[in-house]
Amino acid sequence: MTLLSVRDVSKRFGGLQAVSDLSFDVARGSIKALIGPNGAGKTTLFNLISGVLEPDRGEIVFCGTALQALSTHQIASRGLVRTFQHIRLFPKMTVLENIMVGRHVHSGAGFLAGMLNLPFTWKEERRIREKSFEIMELLGIADFAGTEATSLAYGQQRVVEIGRALACEPKLLLLDEPAAGLNMRETSEMGGLISKIRDMGVTVLLVEHDMELVMKISDEVVVLSYGQKIAEDRPLSIQKNPEVIRVYLGDDQ
Amino acid sequence: MRARYLPVVAFAGLVVAIQLATHFTDSAYHLTQLTMTAYYSLLIVGLCMLIGYAGQISLGHAGFFAIGGYLSAFLTTHNLAPHQAGALISLLSKSGLLVTRSDLYGGSLLTVHPWCACVAAAIVTVAIAYLVGGPVLKLRGHYLAMATLGFGVIVYRIVLGTEFLGAADGISDVPGFPLLPGLEIAGKSSLRVPNYYVAWGLVTLGMVLLLNLIHSRVGRALVSIHGAEDAAGAMGIPTARYKLNTFVLSAVFASLAGVLLTHYNGGIGPSEASVMKSVRYVAIVAIGGMANLWGALSMSLVLNYLSLRGYLGSFDDAVFGTILILIMLFAPDGLLRRHLFSDVKRLVTGSAADEEAP
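Written out as structure tokens, the structure is:
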């Protein structure tokens, strides 16, 4: 069953056609990877899906809702949550507080309730805290709960960022280069974590440059080149696809 | 009791201690400036919420202070008696929203009741803050600073140039603000002590509300917007609305401060709307540590008091300008930072202090 459907989407920046007539579906409960050489339009596509950019043409449908007209926070509250290529944790906040921000869409205390410290907010805060600890334990970062998030090692910051996204209980998680800057061991752990997230029932769409990781964990791979889809298949077939090999290794004619 | 309220108790103790000290040293005249300081502090803590927590600068908050003060002053001094025959006035009069009192020369005055004027000032402030904040808060950094500065200048020129607002003289003979029988917010020396407690009681109440807010879901969202706005949006936080609401909240704090101080002083003049006042408020929040309500409050207490007592002489504005420059140069996060206490603790104990442990 389709969770996210990208239909004939195009985006142009001045003279650069970043994405052109791109279509693909993401099936519920799968891990789909977007790969392609630098400048293929992967990040643009991510920004289009998460609402940072608006497509010039085409539509993006998530759970039956068209996303073009929605802002980023509305898209997130519908269960489509992203991480960033360059880690965007909240500075001056602990790991716990960072994860707690992820519970925002699942709680409701507003300005007035907050100022008056109404009793229903106490229960809500306790639930937010409990759920955040659950997530930190799942990811093995509970020991850092009270540490300022931006003071952690790079690899751990990535895990915190994914934890913050998971706190939103997304239906679809967009991971923008989750292994960027990680060493081999951390990358392999990240692969295990992403598979685990999929097994929890969260659909994953990721952009990644590490081919070993992509081939190991993905159910399906979409290959982009100059904003166009040149292949969409299972990892093993992608590796044998002559068009993909040409794009990655160059044309030797 | 929650740890966040312990400083509130300590603060209330300090308020009482200061009053007792002036009582036993026979220097109760200090209480007048301290009461005025309290009302300015109400504005300061609201502004601290906006600058320090939501991360949005405003160089126009004296404008909101003036809107509150001038509206209340105008409504409670403008004589409606000549219009008494009009349908609207008689309706207002019948619903008890107007009040008759006598002026200095024994003549009879029909004016809006101070409570109604206060509510009207708050409503108008909310409306203006939404109208101004909506477009202006789309700007960032110094663009936002300049736009809010523009708003402050507009308010200043309007009150200075409007005849019925007293132009350069401002509005005087503003009546007291009745609270209980025998108790009103007014500058009478017989009411000096109760007024001192009323003013600082209101500041304490404001502090409790804001402390609650920063420890709530909204407070967390505001700090996250300050830290990484795009990521906050990606977590489902409606960043524009949260910034706007905080702007309006701080404007209401400023406006109420203006209303109450105007009744206490018995008048208001255009200098309250001047840009240098706005600069002063930002300087106090900055030296107080930006995201530090207690820091802002203590700096407000000290600096406003010194200024009102005239210790800063005619260099008043220069002192605050200099403070702002020095803070921006050497401690852009503010002097009294949020982690100052844990830093000191770490120095003393030699170990990492884990604050906010669950």
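Protein chains in written order, with numbering that gives the first Met the number 0: chain X, 0 to 252; chain Y, 0 to 357. Ideal placement from N, C-alpha and C gives every residue a C-beta, glycine not left out. This one's a predicted model, so the numbers in the text were calculated from it and none came from an experiment.
- The stretch 244-320 of chain Y is shown to contain whole alpha helix (DSSP H) runs of 4 or more residues at 274-286, 292-307, in chain order.
- Chain order gives the chain Y residues near VAL100 of chain X as ARG219, ALA220, SER223, ALA231, MET234, ILE236, where near means a beta carbon separation below 8 Å.
- Within the stretch 277-297 of chain Y, the residues whose Cβ lies closer than 9 Å to some Cβ of chain X are ALA290, listed in chain order.
- Looking at the DSSP output, GLU231 of chain X sits in a beta bridge with X:VAL221.
- If you draw a straight line from the Cα of PRO90 of chain X to the Cα of THR82 of chain X, it is about 16 Å long.
- Interface flag for LEU42 of chain Y against chain X is unset, since no Cβ pair is found closer than 7 Å.
- The C-beta distance from GLY113 of chain X to VAL217 of chain Y rounds to 4 Å, short enough to meet the 8 Å contact threshold.
- Here ARG191 of chain Y has ALA27, LEU30, THR31 as same chain residues with Cβ atoms under 7 Å from its own Cβ, once five neighbours each way along the sequence are excluded.
- Beta-carbon to beta-carbon, LEU136 of chain Y and LEU143 of chain Y are separated by about 7 Å, close enough to satisfy the 8 Å threshold.
- Chain-ordered listing is empty here: chain X has no CB closer than 9 Å to the CB of LEU138 of chain Y, the nearest sitting near 18 Å.
- Contact with chain Y is found for PHE110 of chain X, since one of that chain's Cβ atoms lies less than 7 Å from the residue's Cβ.
- Under DSSP, the beta-bridge partners assigned to VAL8 of chain X are X:LEU21.
- Within the same chain, Cβ atoms closer than 7 Å to the Cβ of PRO54 of chain X are found at VAL8, SER9, LYS10, LEU47, GLN67, the five residues on either side in sequence being excluded.
- When the alpha-carbon of LEU137 of chain X is set against those of X:ILE98, X:ILE229, X:LEU212, the nearest one is in X:ILE98.
- Under the Cβ distance rule, MET135 of chain X does not count among the residues neighbouring chain Y, no pair being separated by less than 7 Å.
- A straight line joining the alpha-carbon of LEU49 of chain Y with that of ARG245 of chain X spans about 55 Å.
- Using a Cβ distance threshold of 7 Å, LEU33 of chain X and PHE61 of chain X do not count as a contacting pair.
- Looking at the backbone, the Cα of SER89 of chain Y and that of GLN83 of chain Y are separated by about 6 Å.
- THR82 of chain X sits in coil when the DSSP states are folded into three classes, being neither helix nor strand.
- Chain order gives no chain Y residues near CYS62 of chain X, where near means a beta carbon separation below 9 Å; the closest approach is about 15 Å.
- Listed along the chain, the chain X residues whose CB falls inside 8 Å of the CB of LEU212 of chain Y are PHE110, GLY113, MET114.
- A residue is called buried when at least 16 other Cβ atoms come within 10 angstroms of its Cβ; ASN182 of chain X does not meet this threshold and is exposed.
- The beta carbon of SER106 of chain X falls within 7 Å of a beta carbon belonging to chain Y, placing the residue at that interface.
- Pairing GLY154 of chain X with ALA17 of chain X gives a Cβ-Cβ distance that is not under 7 Å.
- In the three-state reduction of the DSSP assignment, VAL111 of chain Y falls in the strand class.
- Among the residues of chain Y, none has a CB under 8 Å from the CB of HIS85 of chain X; the nearest is roughly 10 Å distant.
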